[in-house]
Amino acid sequence: MYRESHFADITGINRMRPDAFAVAVISAATGALKTAASIRTTHTTLAEEFAIALALTQLPCTTILSDSRLAILRFATNQLSPATLRICTPSRAPAKLARLAWFPAHTDLPNGGTVNRNAEADATTARALTSRAAVHDPLRSVQQPLPKPTPLLTYGEILAWYRDTRRKYPPPHPDLSRAESTILRQLQTEAIWTPVFAKHICPAVYPTDHCQHCNAATATTPHLLWDCRPPEAPKTQCHQA
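Numbering (this note's numbering), first residue to last: 7 to 247.
Next up, the structure:
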């Protein structure tokens, strides 16, 4: 069930802006951020239903979990706000059946089930959208208080948050050259130029993906870096005159 399930939750931007909410949708299985947005409204229920509609746009998704009973009830009675209806149009949310389920906040599943990602969506992801402060700082001790959150205001700050949150691999070291950084990125994403890859790009130049050094295996990246053993040169005997 939870493999294709999403949690949808909201949090207020800050006390100075009671008419704005940050919305986050995360995977129920992994806790990874799927998408996020912001909405201007003074009603938390409207923001919660907006979060559910945003989760509908993320495929594949069979179940959407929310801690707002009123938001789910508004979907059941077809009493949705204009902002929610715009997201629910077929062009934004492909036609597919999805089940809406209420999930109590700040609780875990019984019998050692999946952790409550809904609380995680609120406490980490959605709130991180509203603060420049890091959500988790491994260098901060337990006794130190959390830094006072500062709202993300500019486009650059919001873009940097999205970039850092979705980064899968660490960036290249600043001392690396541009060419070395490119090679590192290719190795991280398994897109290094090898005969296996080049055969599909330039078949006239690379007609085969067989290793030309050892002639014993396919020229994949692991093979070229660690496994390839070129054949030894034939030994010649020197004869003294």
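Backbone N, C-alpha and C define an ideal beta-carbon position, used for all residues, glycine too. No experiment lies behind these values; they were computed from the predicted model shown.
Quick check: what's the CA-CA separation for residue i versus residue j?
i, j, result
"A38", "T171", "9 Å"
"T36", "V202", "32 Å"
"H229", "F13", "41 Å"
"Y212", "A204", "6 Å"
"E163", "A28", "15 Å"
"C217", "L231", "12 Å"
"L193", "P24", "46 Å"
"A82", "T17", "23 Å"
"S183", "L190", "10 Å"
"A222", "E238", "13 Å"
Comparing the CB of residue i with every heavy atom of the ligand ZN, is any distance shorter than 7 Å?
i, result
"P213", "As for the ligand ZN, it is missing from this structure, which has no ligand bound."
Return the bridge partner residues of residue i from the DSSP annotation.
i, result
"A26", "R46"
"I32", "F13 and L39"
"H229", "H229 pairs with nothing; no bridge assigned."
"R2", "Because residue 2 is not part of the residues shown, which for the chain are 7 to 247, the question remains open."
"T224", "H216"
Between the beta-carbon of residue i and the beta-carbon of residue j, is there less than 8 Å?
i, j, result
"T48", "R80", "no"
"L86", "E54", "no"
"C208", "H219", "no"
"A257", "C67", "Because residue 257 is not part of the residues shown, which for the chain are 7 to 247, the question remains open."
"I45", "A89", "yes"
"T200", "T226", "yes"
So is residue i in contact with chain B if we call contact Cβ pairs under 8 Å?
i, result
"N84", "Judged by its chain identifiers, the structure shown contains no chain B, having just a single protein chain."
With a threshold of 7 Å on Cβ separation, who are the neighbours of residue i within its own chain once the five nearest residues in sequence on each side are excluded?
i, result
"K40", "H12, V31, I32, S33 and Q64"
For residue i, collect the residues of the same chain with a Cβ closer than 8 Å to its Cβ; drop the 5 residues on either side in sequence, then sort them by chain order.
i, result
"C94", "A59, L62 and L86"
### Task
Give, in chain order, every unbroken run of the beta strand (DSSP E) that is at least 3 residues long and sits entirely within the region 172 to 196.
none
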